[in-house]
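Novice: Quick note on my numbering: the sequence shown kicks off at 9 and runs consecutively.
Here a beta-carbon is modelled for each residue, glycine too, at the ideal position from N, C-alpha and C.
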Amino acid sequence: MTYTIEEKRHIISELILMAHADNHLKKEEVSFITSVGKRMDLSDEEIDYMINHPEELTTVPPKDYTKRIVHFHRMMLMMHIDGHVDQLELQLLHEVALQYGFRKTTVDALLQTMLKYPHGEIPPSELMQIHLRNSN
9 MTYTIEEKRH IISELILMAH ADNHLKKEEV SFITSVGKRM DLSDEEIDYM INHPEELTTV
69 PPKDYTKRIV HFHRMMLMMH IDGHVDQLEL QLLHEVALQY GFRKTTVDAL LQTMLKYPHG
129 EIPPSELMQI HLRNSN
């Protein structure tokens with residue numbers, strides 16, 4: 009999948025906002041954000057600046073439906089990365105789902121399915137099936 013520089017920044021911004029949602033930025037969260045940012049060819053300096061200045065971040069949902077699905081799954085992985093799902097993180101996830109046009113039943117199915125897999129990594133085919141099944 010190819011992303012514009014603005015899409016990359018919005019994706020990293022949403023991950024950072026999710027990491028900050030519980031008011032406790034953990035090293036696992038920073039590592040995950042940095043890893044995703046590097047895969048998207050963002051510089052370490054830009055990623056660090058974004059992490060340290062969340063109040064300056066803006067987000068725009070991806071226009072492409074598949075990109076929304078992939079990124080939403082990234083956000084779910086971020087939420088689970090520290091082994092604890094905070095109520096504020098869950099609230100933010102549901103708010104993002106509404107912005108992305110995902111139903112609550114889809115989010116609930118995704119959260120339940122994540123429990124079946126190590127580290128919550130739902131296989132792409134199953135991820136798509138859940139979205140398709142719950143979008144009709």
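Tell me whether Glu53 is buried or exposed, calling it buried when 16 or more other Cβ atoms sit within 10 Å of its Cβ.
Specialist: On the sequence shown, position 45 is the one that residue 53 refers to. Its Cβ having fewer than 16 others within 10 Å, Glu53 is exposed.
Novice: Check whether the segment 54 to 69 and the segment 20 to 28 are in contact - that is, three or more C-beta pairs closer than 8 Å.
Specialist: yes
Novice: Skipping 5 residues on each side, what residues in its chain have a beta carbon closer than 7 Å to that of His139?
Specialist: For this step, residue 139 is matched to residue 131 along the sequence shown. The answer, listed in chain order, is Ile77 and Thr114.
Novice: Is the separation between the beta-carbon of Pro70 and that of His79 shorter than 7 Å?
Specialist: Numbered from 1 along the sequence shown, position 62 holds the residue referred to as residue 70. Numbered from 1 along the sequence shown, position 71 holds the residue referred to as residue 79. Their beta carbons are under 7 Å apart, which means Pro70 touches His79 by this criterion.
Novice: Pop quiz: Asp49 and Asp94 are said to be a contact at Cβ under 8 Å. What is the actual Cβ separation, rounded to whole angstroms?
Specialist: Residue numbering aside, residue 49 sits at position 41 when the sequence shown is read from its first letter. Residue numbering aside, residue 94 sits at position 86 when the sequence shown is read from its first letter. The Cβ separation is near 31 Å, so there is no contact.
Novice: Tell me, to the nearest whole angstrom, how far the beta carbon of Gly128 is from that of Met84; I am working on the premise that it is less than 8 Å.
Specialist: Start at 1 with the first residue of the sequence shown, and residue 128 comes out as number 120. Start at 1 with the first residue of the sequence shown, and residue 84 comes out as number 76. That belief holds up - the Cβ atoms of Gly128 and Met84 are roughly 7 Å apart, short of 8 Å.
Novice: Assuming Leu100 and Leu25 are in contact, meaning their beta carbons sit under 8 Å apart, how far apart are those beta carbons, in whole angstroms?
Specialist: On the sequence shown, position 92 is the one that residue 100 refers to. On the sequence shown, position 17 is the one that residue 25 refers to. Leu100 to Leu25, Cβ: 7 Å. Contact.
Novice: By the 10 Å Cβ neighbour count, where 16 or more other Cβ atoms means buried, how is Met9 classified, buried or exposed?
Specialist: Reading the sequence shown from its first residue, position 1 is the one you call residue 9. Classification of Met9: exposed, given that the 10 Å Cβ count is below 16.
Novice: Thinking just about the alpha-carbon of each residue, which of Lys75, Asp90, Glu97 and Asp116 is nearest to the one in Pro132?
Specialist: Counting from 1 along the sequence shown, the entry for residue 132 is found at position 124. Checking every option, the nearest Cα to that of Pro132 belongs to Lys75.
Novice: The ligand NAP heavy atoms versus the CB of Glu64: any closer than 6 Å?
Specialist: The model depicted lacks the ligand NAP and carries no ligand whatsoever.
Novice: Between which two residues does the alpha helix (DSSP H) containing Glu103 stretch?
Specialist: Stepping through the sequence shown from its first residue, residue 103 is reached at position 95. Run containing Glu103: Gln95 to Tyr108, per the alpha helix (DSSP H) assignment.
Novice: Do you know how far the Cα of Gly109 is from the Cα of Asp72?
Specialist: Start at 1 with the first residue of the sequence shown, and residue 72 comes out as number 64. Start at 1 with the first residue of the sequence shown, and residue 109 comes out as number 101. Looking at the two C-alpha atoms, the distance is approximately 12 Å.
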